[in-house]
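Read through the structure below, which is laid out as structure tokens, and then see the notes.
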Amino acid sequence: MSTVTSDTRRVIYRRPEALVDTSTHYCPGCGHGIIHRLVAELLDEMHLAPSTIGVASVGCSVFAYDYLAIDFVESPHGRAPAVATGVRRVRPDAFVFTYQGDGDLAAIGTAEIVHAAARGERISVIFVNNGIYGMTGGQMAPTTLLGQHTTSSPAGREASLAGYPIPITEMLALLPGVTYAARGSIADPPLIGRTKAMMRRAFEVQLAGAGLSIVEILSTCPVGWGMTPTEAMAHVAHDVVQTYPLGVMVDRLKAPATGAPEV
Amino acid sequence: MSTVTSDTRRVIYRRPEALVDTSTHYCPGCGHGIIHRLVAELLDEMHLAPSTIGVASVGCSVFAYDYLAIDFVESPHGRAPAVATGVRRVRPDAFVFTYQGDGDLAAIGTAEIVHAAARGERISVIFVNNGIYGMTGGQMAPTTLLGQHTTSSPAGREASLAGYPIPITEMLALLPGVTYAARGSIADPPLIGRTKAMMRRAFEVQLAGAGLSIVEILSTCPVGWGMTPTEAMAHVAHDVVQTYPLGVMVDRLKAPATGAPEV
Amino acid sequence: MQHATVFSGFGGQGLLFAGKVLAEAAVIEGRDVSWMPSYGPEMRGGTASCTVIIADRPIGSPIVDAAESVVALNPPSLAKFEPLLVPGGLLIINASLVEAEPRRADIEAVPIACSALAREAGDDRFVSIVALGALIARRPIVSAASIREALGVVLGDRPALVAADFAAFERGHQAASSAVIKRRRARWRYRRRLRP
Amino acid sequence: MQHATVFSGFGGQGLLFAGKVLAEAAVIEGRDVSWMPSYGPEMRGGTASCTVIIADRPIGSPIVDAAESVVALNPPSLAKFEPLLVPGGLLIINASLVEAEPRRADIEAVPIACSALAREAGDDRFVSIVALGALIARRPIVSAASIREALGVVLGDRPALVAADFAAFERGHQAASSAVIKRRRARWRYRRRLRP
Amino acid sequence: MVLMTTATVAPAGQAAEAVRPVLMKGNEAMAEAAIQAGCEAYFGYPITPQAELLEWMARRMPELGRVFVQAESELGAINMALGAAATGARVLASSSSPGISLMAEAMSYMAGSEVPMVLINVMRGGPGLGSIGPSQADYFQATKGHGHGDYRLPVLAPSSIAEAVALTADAFEVAERYRTPVIILADGVMGQAMEPVVPVYRTPPRESAGWELTGAVGREPRVVRSLHLRPEELEAHNHHLQAKFAAIAEHEVRWAVEDLDDADVVIVAYGTSARVARTAVERAREQGVRAGIFRPISLWPFPSAELAAVALGARAVVVVEMSAGQMVEDVRLALGGRTPIFFQGRTGGMVPTPSEVVEAVVHAAAVTAPHLAGHPVSDDEKAEIR
Amino acid sequence: MVLMTTATVAPAGQAAEAVRPVLMKGNEAMAEAAIQAGCEAYFGYPITPQAELLEWMARRMPELGRVFVQAESELGAINMALGAAATGARVLASSSSPGISLMAEAMSYMAGSEVPMVLINVMRGGPGLGSIGPSQADYFQATKGHGHGDYRLPVLAPSSIAEAVALTADAFEVAERYRTPVIILADGVMGQAMEPVVPVYRTPPRESAGWELTGAVGREPRVVRSLHLRPEELEAHNHHLQAKFAAIAEHEVRWAVEDLDDADVVIVAYGTSARVARTAVERAREQGVRAGIFRPISLWPFPSAELAAVALGARAVVVVEMSAGQMVEDVRLALGGRTPIFFQGRTGGMVPTPSEVVEAVVHAAAVTAPHLAGHPVSDDEKAEIR
Amino acid sequence: MVSAVNQVFQPLDIDAAHCKGCGLCIDVCPHHLLELDTSIVNELGYHPTRLTDAAACTSCVLCARVCPDAVFTVFARPKGT
Amino acid sequence: MVSAVNQVFQPLDIDAAHCKGCGLCIDVCPHHLLELDTSIVNELGYHPTRLTDAAACTSCVLCARVCPDAVFTVFARPKGT
Ligand SMILES: Cc1ncc(C[n+]2csc(CCOP(=O)(O)OP(=O)(O)O)c2C)c(N)n1
Ligand SMILES: Cc1ncc(C[n+]2csc(CCOP(=O)(O)OP(=O)(O)O)c2C)c(N)n1
Ligand code: SF4
Ligand code: SF4
Ligand code: SF4
Ligand code: SF4
Ligand code: SF4
Ligand code: SF4
Ligand SMILES: [Mg+2]
Ligand SMILES: [Mg+2]
């Protein structure tokens, strides 16, 4: 940035190297930007970029491969955990993670994530739950809150017709193949920090050779929610967490599996 | 049976009317036969047959429609809960149940059962878990026990390669859309009776207008397991239940939902 | 007679809305119309656009390779759609955001401070309706009365909103009626205030 | 020269195995062979079968519309496959289970109590190998020595099993060598002991 | 001149004075047309460029007390459709290319078990995730090989939004008459554009089917299924299906022609490509080349005989598609080498421009000009004649 | 006389003396051939009649320290294959018709993102759940419209188990040479039958690909993807793909002929149908009708020019398929109406009998007999000539 | 399997044509009254079950509850028989 | 955004070209030192953020932690400035 070569200022935070220096297509204030940055920071800090094969999903984050400077394979919508399984099995030394939205992971990709988890695939899953189908224009997702208005639940999500928000990470945490499962959020800087710690743990679990690790991140979709970025953050902080409580559900490297979520 | 018209004997048990008088294609001692009979008995006892639309899955029980004297629709492998959703929504007065094997429900059909459950579809699911793909020749299923030899796990199922047996009913029981979830077995006559009671409860839950009800039934596949029918029953009674404990996991009509399995 | 207009600018500038209003006005006048948006996620960043074709007989292609008018509300739009204009075509430029001047000399370029006028009219998002006013001032493909009626159709029973939009339309209409027509060649340059 | 044999009976009677042994014997003798089973769940109930074709040149269709030999180990098999026989073809009937007699007069029908002989040989499941022995006795399409070698290939390094199977083969072989050839017409009837 | 073998809503301007045309987006117009056609249940999953269809249904169906379910996936949606349609309900599902691919198995099941329903594919650029631009590259999939096994489905392709409205009602009628799924093959333009539509809808009459699942009250149980484990039985069933397909091929051929009376060059195009062709014909005629349009409306059954009848008198045929050339095979099959065929296509979400089509038409006319007859055609020219 | 454009294992009897043929089941032979070809990973899901292929892999791959995963579904399997193959591994997947239908989306993705791998379809009767009998009714699906968008895949169809072994190695080679999925289209007979195979396998050489994902060490990151959101870009990518398809169409055509030297009637058949045809040719010749066989081995690219070259000299062509008639369209496209085409097919899991084929051949010969030339052909006869 | 007033009471009808000889009924009979009749092969290819001692049967229905092929009809033992 | 020894210390570099004016940084700055510069529209069409008082910034990094577009580089305030 600086046009003066003799910049003597000591950097205490800079854009991570693994984050390509380009502007993203995300809407202003979109949580994906924050989470991309966290992934990139960890790739830098853990020196993982050269050994990483990322698995992109279909959703607003489909372009993750344009923003993260690592090898990437694109998956059909929902199939990232299967694609990651393929990568993982033939590349035992690679660091493999998927980056998936809630429509991708918790709707169309349910079978794939459940069975990657049941098999205990040694992959890390970054699960960005913004409670909506962002990319296609803000339709209801299985994660959408009750009463929430979306373009496909214009009268608000009603349980009797559209069912209940799905606590998929709690379901996955039941499986012995899941070594680590946690839910964080990006609603403010301290929570962002906590989420980053969860992601770090998830990555460590993979590096330790254990089973599947997943971090669900309560994110924002200001455009899909019809809110300002500021309102969206507040909504996560106060409302979304009521349905999706934060915390570590299971860490089977630390504690023995209990079979029940430890939310 | 009797060639004497003046048979004065009082019947205390007879083949249920809803069970078509034909021999089945099932192997000797196959649990499907017992479970078909239980379904037929309940259809008779609850006078449900005329209002029932059954949803058949793909597995050895694909021919259920040849054996149960009710309207039936065939589903593609694993999709029975989706098919049942379609039936249920346009036929609100019908009694709708699926009959699915473990390969069908817990493998290829994972997304469909999870989301029918999340939506709280008013259907009953008879989930016949014999821990194997019976129809295709005894391959490993996601439900197969660790160490179990199958045609696709010839050295015994090993968790590091093929993952862990999947407690899918426990996972489903977490969902508020699931009103009733239980696991029974057919290992002996008392257990068969208990299972029938669970199935009755599942049917009642549907008739009461509540959400999805599911009964997982630990069944046998003597041919796929390479056991005699007698050995297979003993195996269920002593071994399979170690991995899949019997009991009612949730009954949200009775008790308020706890969010955690009550096994 | 067939008239194709391309509205283009940032997503969020109300382009699709302005195009719909024009299209509805043409329907009101009993013409054949086709309105075709650029769609999907690309609308979120960069340039969005829609094409409105108005004709007196059944319309062929809803996608055009030549336009009679172009409304360019941001710099990339100008670059992208100016070449599409037929000779003598009309180019409405949002002078509030676009400092560049058109390259072509064979068109009628009308710079209007659409964003500024929109803000004066009460909301930044009127920018496209202001531009629509300018367009109709120069090319009366539909009448102002039809536009007013069309606003009613598109916005529904919200008279205050209709009135506000129509006021914005009139601002643009008036500005364009008095604007000087630019016909000189110009080199393309981006606004250079980007990095302070 | 091409010889097609159909082995048929209940699933579990070892038909596919006997077919494989015959096929392996032919491979050992350097012939072209094709072995084609009925497959899938139908094997669980009702009638299963496999077809073995042995020829001195590349084999065409692995599915036949005419067979030189048929081995029928249960009643439905007889009904189903007898019509497939070429005139003069060989029909081995498991007389232990099939009371019916063949309908055709233009074939060579050899009733052998295969199930009984199998039990004598030590295991019900030898029934198909017994029938194979009968077949080879009447139609020496491969040599008994090749059968013995083939048993080794199919069963692997299990000499006791090979010996037992070969003994069963020989029982069938012997029985057929001495059996009376039936050529008379007969009406089809099922065994009537089904409902006691 | 426009001849239509199917009654369609007249274009704006020519509309019956009584009902004022309204501006409708294709996706929404098809959705509303389905509702008005008596659609009782809709099942879908979001995907660009068909999302507005689902959204329209999300609002309207519950209003009307009918069934709307946003499924967990396209697999879910199409199998819900199977279940609902098996009870005799009038059912719609929709998606776009990648989602349609996921429906292959269930479509084969429904063809096999003879379940009537309507599926709308608003095509986008492929292969794979591709783009979201309008495309016609799913022609092969819709007309030939989507699912496994021997089956064919009626495929109707609208070329205007008014026609999309009319074909939606027709699709339900055809589906029920023949107990078959019917595909409406629309491209992204047909989904996303707005055009005036005279809001006069048609509700095809319902006949009691006699096969639908309602609960076996006072009758034998019924089964809706595609399994016939004994090949002999399945073959018999296939014979039945093939006879049905032959009946459809005989009775349900639809097409339209424009300006063919004096045409030297016949453009064969459907959907949006046919609209582009209309503009191109005008321009070509301005340049002195007499072109006209043959527009298949039913892509299966393909109007082979009808095309042959008009094309055999022409000098050349130019096939225009938003694909690398798929319908061109059916055109070749129809013409059997008797008229030279040229192809002009754009792929990946691009729409051909009128100028490109004019160029192709002018070129075709030139290469096949009668004054060249007998003159050697260069190898290059030969190569492009199919 | 048998001409093969591809080196295949010689039939038993003619085998090299050195290596003794062994009896192998088709499914197992293809599995072992893949292993010997250097297949590093297999992904599958049980389905009849391909289950033994999966079971063979379940035993052998772990033995060899290679990857075997029984996926949760065919969707899972094919997407695992995508992931593994994207890293440059040699990957096999297999299924049968209904399962293959579920793979449509991912196949389109792999075609679009140019991921080489081999998929074996051991076809069974359809549509829907159908039967488990052998079938060839997925021809359209394999060669034309399986997934969405403009793409084609090489499709190889073995007609004996020995050939299946050879084609398995070839398939990997073609896949990697062109960066494309390749389909081996086998029918249930090819999967279930046992035949002698000389156990001499081929391991195609590996060339470093330069696109595969290995982790970006000391180089720019790589992306394997099919998304090109800007239609202009996607179109450019499609042009690249089309050029590749043209190259495949030029270089990878495979076929075989039998007894065509003096044939009046050319039977066109592949896979098991071609085997039936072989028997039929013998019998027809015994009856005095000179028939021969043209056997496509690559179904795409279809050997059109090669077929035309032999068929134009013949009186009639008889297409034999285990379907209601699918390849017959490609035959018609190849011949352009120049030779009368007859069709003889069985469906739903039935295999044509040699007698049926003989009958069709004799009939075709009679109807097209030269002494009838000039004589009016009855309408009935015309109708059956395609 | 025929029962008539003047005959010994038959507590079970066994539909042997549907029996697959799986033996499960034999396992559960508390009085060990069932066995496979190896002298018979039914149309399905199996030896069907048979009741060895009608008089000893208590009509407890366990055999019917376990039979996968719904082969049994069970009758109440008249008082005093 | 240039810092040089002899200028007032600049604790932040703001890459305004990537800023989308979402305002999240403004929300989190404990000293309310950030605002959108409405005099500017960047190439993306947004008003980018700007630091209003370099001297008051504590380099607490909260703005950088929340920014979805990784716009900030934060520098340690030298002792005594
Ligand atoms: C098979 C298939 N179905 C549907 C789509 C359309 N589609 C693209 S992204 C998306 C969902 C995105 O939602 P989510 O995963 O929550 O990601 P977000 O955009 O919210 O981050 C859908 C349905 C597709 N590309 N492919
Ligand atoms: C899409 C698809 N994949 C695979 C199959 C093959 N198939 C038939 S039944 C079956 C599994 C049966 O297992 P399960 O559901 O456990 O039932 P069971 O036979 O054990 O009762 C499979 C994989 C199929 N018919 N369709
Ligand atoms: S639509 Fe929502 S999730 Fe997608 S980029 Fe915009 S804000 Fe983010
Ligand atoms: S294979 Fe197993 S599940 Fe299927 S019928 Fe036989 S015993 Fe029952
Ligand atoms: S349980 Fe039923 S099928 Fe089994 S032996 Fe007894 S009667 Fe026969
Ligand atoms: S009813 Fe009871 S006592 Fe009688 S045979 Fe059956 S199990 Fe035995
Ligand atoms: S958080 Fe980032 S993108 Fe948002 S306004 Fe601040 S600097 Fe700009
Ligand atoms: S570093 Fe802290 S004090 Fe400085 S601008 Fe950012 S948030 Fe405000
Ligand atoms: Mg989302
Ligand atoms: Mg099972």
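Residue numbers (our numbering), protein chains in the order written: chain A, 292 to 554; chain B, 292 to 554; chain C, 1044 to 1239; chain D, 1044 to 1239; chain E, 7 to 392; chain F, 7 to 392; chain G, 1008 to 1088; chain H, 1008 to 1088.
Ideal Cβ positions, reconstructed from N, Cα and C, are used throughout, including at glycine.
Everything numeric in this text was worked out from a predicted model, so none of it was measured.
- A buried status is given to T93 (chain F), since no fewer than 16 other beta-carbon atoms sit within 10 Å of its beta-carbon.
- Around L334 (chain A), the same chain offers P307, A309, A340, T343, L359, I361 as residues with beta carbons nearer than 8 Å, after the five sequence neighbours per side are excluded.
- Put simply, the segment 233–241 of chain E does not touch the segment 1113–1123 of chain C. Fewer than three CB pairs are less than 8 Å apart.
- Look at the beta carbons and you see the segment 295–307 of chain F touching the segment 259–266 of chain F: at least three pairs across the two are nearer than 8 Å.
- With fewer than 16 other Cβ atoms inside 10 Å of its own Cβ, R344 (chain F) counts as exposed.
- At a cut-off of 8 Å between beta carbons, S310 (chain E) makes no contact with chain F.
- Every beta strand (DSSP E) stretch that sits fully inside the segment 393–420 of chain B and reaches 3 residues is listed by chain position as 415–420.
- Look at P433 (chain A): its beta carbon is at least 7 Å from all of the heavy atoms in ligand 3.
- Following the DSSP letters along the chain, one finds K1063 (chain D) inside the alpha helix (DSSP H) bounded by residues 1058–1071.
- A direct Cα-to-Cα measurement between A112 (chain E) and A398 (chain B) gives close to 18 Å.
- Around M518 (chain B), the same chain offers H526 as residues with beta carbons nearer than 7 Å, after the five sequence neighbours per side are excluded.
- Among the bridge pairs identified by DSSP, K31 (chain F) is matched with F:M200.
- Identification of chain H residues near L1140 (chain C) by a Cβ-Cβ cut-off of 7 Å yields V1048, ordered along the chain.
- Taking a cut-off of 8 Å on C-beta distances, the segment 499–512 of chain B does not touch the segment 1056–1063 of chain C, as fewer than three cross pairs fall below it.
- Cβ proximity to chain E below 7 Å picks out A360, I361, D362, F363, V364, E365, S366, P367, R370, A373, V374, A375, T376, G377, V378, R380 from the segment 360–380 of chain B.
- Using a CB distance below 8 Å, the part of the segment 1019–1041 of chain H facing chain A consists of D1020, D1022, A1024, H1025, K1027, G1028, C1029, G1030, L1031, D1034, V1035, ordered along the chain.
- The beta carbon of E449 (chain B) does not come within 8 Å of any beta carbon belonging to chain E, so the residue lies off that interface.
- Following the DSSP letters along the chain, one finds G475 (chain B) inside the beta strand (DSSP E) bounded by residues 469–476.
- Two segments are said to touch when three or more pairs of C-beta atoms, one from each, lie closer than 8 Å; by this definition the segment 130–139 of chain F touches the segment 103–117 of chain F.
- In chain order, the residues that have a beta carbon nearer than 6 Å to some heavy atom of ligand 4 are B:Y317, B:C318, B:C321, B:H323, B:C351, B:N421, B:G425, B:M426, B:C512, B:P513, B:V514, B:G515, D:R1087.
- Chain-ordered, the chain A residues with CB closer than 9 Å to the CB of R231 (chain F) read A347, V353, Y356, F363, V364, E365.
- In this structure, V1173 (chain D) places its C-beta atom within 8 Å of the C-beta atom of R1214 (chain D).
- In the structure shown, H1046 (chain C) falls within a strand segment according to DSSP collapsed to helix, strand and coil.
- Pairwise C-beta distances place the segment 165–178 of chain E out of contact with the segment 170–189 of chain F, as fewer than three of them are shorter than 8 Å.
- Spanning the alpha carbons of R185 (chain F) and R1168 (chain D) requires a straight line of approximately 51 Å.
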